[in-house]
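In what follows, a structure is listed as structure tokens, so that the remarks can point back to it.
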Amino acid sequence: MLLIYLHKMNRLFNIFRLSVVCLSVVMLVSCLDNDDNRQSVTFNNMAVTVSGNELEGYRLYTDFDAVLVPSNLSQISWLKEVRRAVVSFDTSDESLTNVSDLESGHTYDIVLSEAAEIPTYISCVDTLSEDYQIFGQDSIALKNKAVQSVNQTEGQYYIQNGYMNVVPTFYFDPYSAVSFLLYYDGNRDIDTTGKKATFNLYFDNNAPNAWNTTSSLISLRMPDEVYSRFIQTGLTDDDTIDVCLNVRTQTGTVTLEYKTALEDFMLP
């Protein structure tokens, strides 16, 4: 369901149409039980990063680093194709009854009850890069729009398992794809000495008169290039840096801040 990278020339020509989730903001959902059964599911609406393949199997990495191994993934095979999802499930261990029972670094066999795809975007643009300077045609300045607002509550903006997660509220047209991506100035925004990276959120609802509004968790892939710049200075995966996100809203620019380990830039 996600737009993937095209041939380089097409990718650059359409640089700000990448990573569009063509779901018209309605997330893909699979339910494996009836309504009565879903009410009794032990763990509900847990965000995970999907990793694996047909040969080695698939694992779901929670945002607190527990590992879930679903036994019935074949019943919702589309989950194998997405990067991020929200899942509800039971475990084979009946003694586990609360999220606090699931420990970081531990692996749990689970039975999925339902799942929904988290809109996920994989593009991050350095506006000083040669590609953007040649082919970008100042598209960010021309097409970037303000979201209605962004959730500033603690825990709503964070970075884990290779993805930045944020909850904007925005206008959309049910018949038009919504685009988000990260962009930054490679000189000004990446401060390896001060251990700080600043990104900006790009938004385009591809509709001049959108009137529907929604709030949605979205995930944005953290750029390997920025990770490498910090590692090349001698920092390790365990070192922490400050990651800021500037979000243009209808009432002004909001800056979100989060301190994260460099290892959180990487996929599981």
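Note that this note's numbering numbers the sequence shown so that position 161 is 214, with each residue one more than the last. Ideal placement from N, C-alpha and C gives every residue a C-beta, glycine not left out.
Spatial distance of residue i from residue j (CA atoms)
i, j, result
"Ser93", "Thr289", "43 Å"
"Gly158", "Arg112", "13 Å"
"Thr95", "Thr313", "30 Å"
"Tyr174", "Met275", "10 Å"
"Thr153", "Tyr280", "Reading off the sequence, residue 153 comes out as Ser, not Thr. Distance between the alpha carbons of Ser153 and Tyr280 is about 31 Å."
"His60", "Asp184", "For His60, the predicted model reports a pLDDT of 34, less than 50, meaning its position is unreliable; a value from the coordinates is still stated below. Rounded to the nearest angstrom, the two C-alpha atoms are 13 Å apart."
"Ile171", "Ala138", "5 Å"
"Val120", "Ile187", "43 Å"
"Val135", "Tyr216", "13 Å"
"Asn151", "Asp143", "11 Å"
"Phe283", "Leu155", "32 Å"
"Glu207", "Tyr311", "10 Å"
"Ser250", "Leu126", "At residue 250 the sequence reads Ala, which differs from the Ser that was named. Going from the Cα of Ala250 to the Cα of Leu126 covers about 37 Å."
"Gln285", "Asp179", "18 Å"
"Thr302", "Val219", "13 Å"
"Leu181", "Tyr236", "10 Å"
"Tyr211", "Val231", "22 Å"
"Gln205", "Asp291", "26 Å"
"Ile99", "Ser141", "Sequence check: residue 99 is Met here, not Ile. Each residue's alpha carbon lies about 6 Å from the other."
"Asn240", "Asp118", "33 Å"
"Leu270", "Val296", "18 Å"
"Phe252", "Val300", "9 Å"
"Gly110", "Ala194", "43 Å"
"Asp116", "Gln209", "12 Å"
"Phe256", "Phe225", "11 Å"
"Pro227", "Ser124", "35 Å"
"Gln128", "Glu316", "32 Å"
Residue(s) in a DSSP beta bridge with residue i
i, result
"Phe364", "The structure shown does not extend to residue 364, since the chain spans only 54 to 321, so no value can be given for it."
"Thr306", "Arg301"
"Leu149", "In DSSP, Leu149 forms no bridge with anything."
"Ser104", "Arg112"
"Ser202", "Thr222"
"Val296", "Ala250, Tyr311"
Beta carbon proximity, residue i to chain D, threshold 8 Å
i, result
"Thr293", "Judged by its chain identifiers, the structure shown contains no chain D, having just a single protein chain."
Start-to-end residues for the alpha helix (DSSP H) that takes in residue i
i, result
"Asp277", "277-284"
"Leu273", "Element bounds for Leu273: not the alpha helix (DSSP H) but the beta strand (DSSP E), 271-274."
"Leu195", "192-196"
Neighbourhood of residue i by C-beta distance below 7 Å, restricted to the same chain and skipping five residues each side
i, result
"Pro321", "Thr102, Ser104, Tyr114, Asn214"
"Gln190", "none"
Contacts around residue i, its chain only, beta-carbon distance under 8 Å, and the 5 residues preceding and following it disregarded
i, result
"Ser229", "Ser77, Asn258, Asn259, Ala260, Ala263"
Terminal residues of the beta strand (DSSP E) in which residue i lies
i, result
"Leu254", "249-257"
"Ser268", "265-268"
"Ser232", "232-237"
"Ile212", "211-213"
"Pro123", "120-123"
"Val219", "216-219"
"Val323", "Missing from the structure shown is residue 323; the chain here goes from 54 to 321 and no further."
Residue i Cβ short of 7 Å to the ligand GDP heavy atom set
i, result
"Phe117", "As presented, the structure is devoid of all ligands, the ligand GDP included, so that no description of it is given."
Cutoff 6 Å; reference residue i; Cβ partners in own chain excluding five residues on either side
i, result
"Tyr161", "Leu121, Thr144"
"Trp131", "none"
"Phe318", "Met275, Tyr280"
"Pro221", "Val200, Val203"
Given 8 Å as the limit, is there contact between the segment 146-157 and the segment 166-177, that is, 3 or more CB pairs closer than that?
-> Touching, no.
Pair every Cβ in the segment 239-246 with every Cβ in the segment 257-277, then say whether three or more of these pairs are closer than 8 Å.
-> These segments do not touch.
Three or more C-beta pairs below 8 Å linking the segment 304-320 and the segment 198-210 = The segment 304-320, when compared against the segment 198-210, does touch it at the 8 Å Cβ threshold.
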